[in-house]
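Down below is the structure, laid out as structure tokens.
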Amino acid sequence: MELGNVPQPQYGPGLEAPGSSTPGLVSMVHGFLRLVQPRGLPIELIADLAQPQSEKGSEEYVKELLLYELGFLVCAAIGLLFIILVPLVGCCFCCCRCCGLCGGRMYQKQGRRMACRRRALYGSVLLLSALLLAGDVCAFISNTRLSQAVSGTFPNINTTVDNLGTYLASIPQQVNFVIDRSDVPLDRTNSSLQNIGPLLGGTIISGIRSSVDGALGSLQSLLGEIETLAAAFGTISSTQGRLEELQGNYSPRLGNLRESLGQTLQRCGQPCAGVSPDGVTFTANYSTVPSVEQQLEALGEVLGSSLAGDLEKVNSTLEKTPDEVQNQTRDVVTKTQDQLGLIQEEIRSLQQQLPLLDAEESIGDVIGNVTSVLDDFQQPLTDLDGIRGVGFSFIFSWLLMLVVLLTFLLGGNSYMLVCESWRSQQLFQLVDTPGLIPGFNLSEALGDPSGTLNFSQIYRQCQQDTALWETLHLDQRVSLDELLNISQYTEEISAAFEEVNITLSPISLLSESQRDLLLNASRAAQPPNFTHTLQQLDQTLTLVSLQDLATELEQLVDKAGADVKQDLQDGAAELRELDRELQASFSGPLQSLKENIYLAQSRAAQLETQTKTTLDTAKETQEFLGREVVNIIKNETWAFLEGMLDFFNTYIAWAKSSLRRDVARCKPIAQTLDNAEAITCDYLLDSLNAFWFSLGWCTALLLPTIILAVRLAKFYRRMHIADVYRNEAVEIGPMYNLYRIPRPATRH
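In this note's numbering, the protein residues as written are 449 to 1196.
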């Protein structure tokens, strides 16, 4: 019985990643954040904070929290220090500019190390400028990736929500598929009931024929042997009569020819003295062939009896069995069909009893609420991302490090608290902490009476595409064995079949008179003694060969006198003619008689033994039928019942397996969480963190670059003291050696 596989839904494409990519920069950011925050997620601290009544004081909580955030606080302090120092340094530069001392006094002492210092400052400024350029490039790429991540967030979320909606919508469809497949065993069972006559009757016939066919075959073979033997005896009798008739017809001719030849040979005298016509007579006397009338009579009684017809009645009785079974089981078929209707109603009621549909409705409501909230925030976030470049440019002009500091604290903490703890599974341990959310218990929310369900376990099993029934331990809440328990209906069906009493027409292979008739016929059919007859049949038809005698007469023609020559020639011709007629008339009957005698002897020799064996087999079969027919009917009836019930057992086992393993495979739930992690961490936070890291990189290098650039500029300014310009190549690298720049010198 083919029930098929539970159809699985087809989901949409996966997430669409932002077009740009900065794997090296992101790795640097991750390494920096792990350096800043080497500790894992403070599960105990968060759990204690979530408890409304805790033994620890607020100061202790603050101390632990500050200790945990120590790395971020140090970075924040450095950033604040930078924010304070940059304006101060800028004020110093302004004051120096106002006093005309920007870059130091307008005097530069000449020395041997001046060129080396100049080259060192030049190289430092060039290196810092290259790093600043790289930071700017990374900032632009990160900014672009962040914009792409923001614009692609909602399509990705919509795709994820659509896939989750497809998954939830597939749950009732899969449940309905499992329920609808109950029509297969119901239809098979109903078809078996409607064809109970041919099906059950056929198996009953097979059970009976397994023993009856052997006896019937033996009896029919015995009748065939008797018929063959009777035909052989009949041929012997008819052939004997034919031979007697032919012998009676040809005996006078042989006698007349013998007398005529004798007179001719006497008239021939001395030349013909060596030839005698006495052998012109039949060798055998066919009237002495033993009679087989007694055998024919005994065999004829068997063939003329109703034995063959009775054997055919046995076959016809067996062939009527399906009709008798069909008629005698009408009531049980009706009762069973009524129970099938109740079974169908019981299975259909599963749709309201399975907790999977309740879970589908609850999760569907949550998805609807989440979708509604996301729709409300989609347009403002998109508009905000559109103006974020302009706004940041304005902010960067005077508080660049403040922006870096704020985004660092937000993005860095979010990544370490959410993304890093997600990948290390510490976030799941936090969610699994009892009492983290006051008044919320995952096991109670999902209806798990054992209280052992946790988020980590559900997530891991959903990653393995486990069905919700196993993931949520629904067996502890609802027993499939009880839901799919149809034993009360199968018991009613079994009880109805117990009342079935199928009776068949009596089957009688042989009566006592028929047994005696066969046994007596086998004894009376033994052939008479044909030894003498067979010896006669092996001899020539006449005592002497008529052809040889005719040859001798022809040889005497030249020796005999003229008065007997013609008579000798006529006698020889008549002998040859008579010999041809005798051969033509007697050869066929003689051959037939001989063959049938041998046939009768061979068949009759085995007949008595075969008859006894056949009668013993028939007796054993008759005893078997009298003893086992009732058991055969009972066993085949129960086998038929078990076959029908096996349809339902197979379906129940398949339905349980499908509900536990194939219906509502929850990988889309794990995929939804993975997508949320990818959108939040890989797309948004990684882009944001790379952005502030690039900005911080540039901002941190800006101040030393300005200072070094100012220091370098002093070497290229005109001093207040007289300058002396010498034709000297500025050593700023091999590619610039062709340029000549005037050098300052002291004025005397």
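Cβ atoms here follow ideal geometry from the backbone N, Cα and C, with glycine treated the same way. Fair warning: this is a prediction, and the values are worked out from it, not measured in the lab.
Buried or exposed (CB count within 10 angstroms, at least 16 for buried), residue i
{"i": "Ala943", "result": "exposed"}
{"i": "Ser1142", "result": "buried"}
{"i": "Leu594", "result": "buried"}
{"i": "Thr919", "result": "buried"}
{"i": "Thr731", "result": "exposed"}
{"i": "Ile532", "result": "exposed"}
{"i": "Gln983", "result": "exposed"}
{"i": "Arg657", "result": "exposed"}
{"i": "Phe876", "result": "buried"}
{"i": "Pro461", "result": "exposed"}
{"i": "Gly859", "result": "buried"}
{"i": "Asp1134", "result": "buried"}
{"i": "Val510", "result": "exposed"}
{"i": "Ala1032", "result": "exposed"}
{"i": "Arg487", "result": "exposed"}
{"i": "Met449", "result": "exposed"}
{"i": "Pro1061", "result": "With the sequence shown as reference, residue 1061 is identified as Thr, and Pro is not the correct amino acid for it. Result: exposed."}
{"i": "Arg1051", "result": "buried"}
{"i": "Cys716", "result": "buried"}
{"i": "Ala1048", "result": "buried"}
{"i": "Leu878", "result": "buried"}
{"i": "Glu1084", "result": "buried"}
{"i": "Cys1202", "result": "Because the chain is modelled from 449 through 1196, residue 1202 falls outside the range shown and cannot be assessed."}
{"i": "Gln622", "result": "buried"}
Assigned secondary structure, residue i (DSSP; H/G/I helix, E/B strand, else coil)
{"i": "Ala1008", "result": "coil"}
{"i": "Phe1096", "result": "helix"}
{"i": "Leu931", "result": "helix"}
{"i": "Thr979", "result": "helix"}
{"i": "Thr990", "result": "strand"}
{"i": "Ala392", "result": "Here the chain comprises residues numbered 449 to 1196, so residue 392 is not present and cannot be evaluated."}
{"i": "Ala756", "result": "helix"}
{"i": "Leu944", "result": "The residue you asked about is not Leu; residue 944 is Ala in the sequence shown. Of the three classes helix, strand and coil, the one that applies to Ala944 here is helix, per DSSP."}
{"i": "Ile843", "result": "Reliability fails at Ile843, whose pLDDT of 38 lies under 50, so the model's placement of it is uncertain and no value is given."}
Continuous alpha helix (DSSP H) stretch holding residue i: start and end
{"i": "Cys586", "result": "Met562 to Asp628"}
{"i": "Phe876", "result": "Gln874 to Val879"}
{"i": "Asn704", "result": "Ile644 to Cys716"}
{"i": "Arg796", "result": "Arg778 to Arg796"}
{"i": "Leu515", "result": "Ser506 to Tyr516"}
{"i": "Glu918", "result": "Leu916 to Thr919"}
{"i": "Ile950", "result": "No alpha helix (DSSP H) contains Ile950, which DSSP labels as neither H nor E."}
{"i": "Leu1221", "result": "The structure shown does not extend to residue 1221, since the chain is modelled only from 449 through 1196, so no value can be given for it."}
{"i": "Leu483", "result": "Pro471 to Val484"}
{"i": "Tyr907", "result": "Phe903 to Gln911"}
Those runs of the alpha helix (DSSP H) which lie wholly inside the stretch 1105-1171 and span at least 4 residues: Correct list: 1115-1125 and 1134-1161.
Just checking, does the stretch 1068-1086 make contact with the stretch 668-682 on the three C-beta pairs under 8 Å criterion? Short answer: they don't touch.
With a threshold of 8 Å, are at least 3 pairs of Cβ atoms found where one atom belongs to the stretch 646-661 and the other to the stretch 764-777? They touch, by the three-pair rule.
Should the stretch 1012-1030 be called in touch with the stretch 708-728, which here means at least 3 C-beta pairs below 8 Å? Using a Cβ-Cβ distance cut-off of 8 Å, the stretch 1012-1030 and the stretch 708-728 are in contact, since at least three pairs of beta carbons, one from each stretch, lie closer than that value.
So, do the stretch 954-963 and the stretch 727-739 have three or more beta carbon pairs nearer to each other than 8 Å? Segment contact: the stretch 954-963 against the stretch 727-739, fewer than three CB-CB distances shorter than 8 Å; contact not assigned.
Cβ contact (3+ pairs, closer than 8 Å) linking the stretch 651-664 and the stretch 1054-1074: Note that the stretch 651-664 touches the stretch 1054-1074; at least 3 beta-carbon pairs, one per stretch, sit closer than 8 Å.
Contact the stretch 576-585 vs the stretch 1105-1116: 3+ CB pairs below 8 Å: With the cut-off at 8 Å, the stretch 576-585 and the stretch 1105-1116 do not touch.
Pair every Cβ in the stretch 515-535 with every Cβ in the stretch 1135-1154, then say whether three or more of these pairs are closer than 8 Å. Contact annotation: the stretch 515-535 touches the stretch 1135-1154, with at least three C-beta pairs closer than 8 Å.
Decide yes or no for the touch test of the stretch 745-763 against the stretch 676-689: beta carbon pairs closer than 8 Å, at least 3 of them. Under the three-pair Cβ rule at 8 Å, the stretch 745-763 counts as touching the stretch 676-689.
Answer yes if the stretch 1122-1136 comes into contact with the stretch 913-932, meaning at least three C-beta pairs across the two stretches below 8 Å, and no otherwise. Here the stretch 913-932 makes no contact with the stretch 1122-1136; the two share fewer than three CB pairs at distances below 8 Å.
Pairs of beta-carbons, one from the stretch 948-958 and one from the stretch 968-988, closer than 8 Å: are there three or more? Taking 8 Å as the limit for Cβ pairs, the verdict is that the stretch 968-988 does not touch the stretch 948-958.
Report yes or no: do three or more beta-carbon pairs, one from the stretch 865-874 and one from the stretch 1118-1128, lie closer than 8 Å? Contact check between the stretch 865-874 and the stretch 1118-1128: three or more CB pairs, one atom from each, fall below 8 Å, which counts as touching.
Contact between the stretch 631-645 and the stretch 785-793 (3+ Cβ pairs under 8 Å): Segments in contact, yes.
Contact between the stretch 1025-1045 and the stretch 994-1004 (3+ Cβ pairs under 8 Å): With a cut-off of 8 Å on Cβ pairs, the stretch 1025-1045 is in contact with the stretch 994-1004, counting three or more such pairs.
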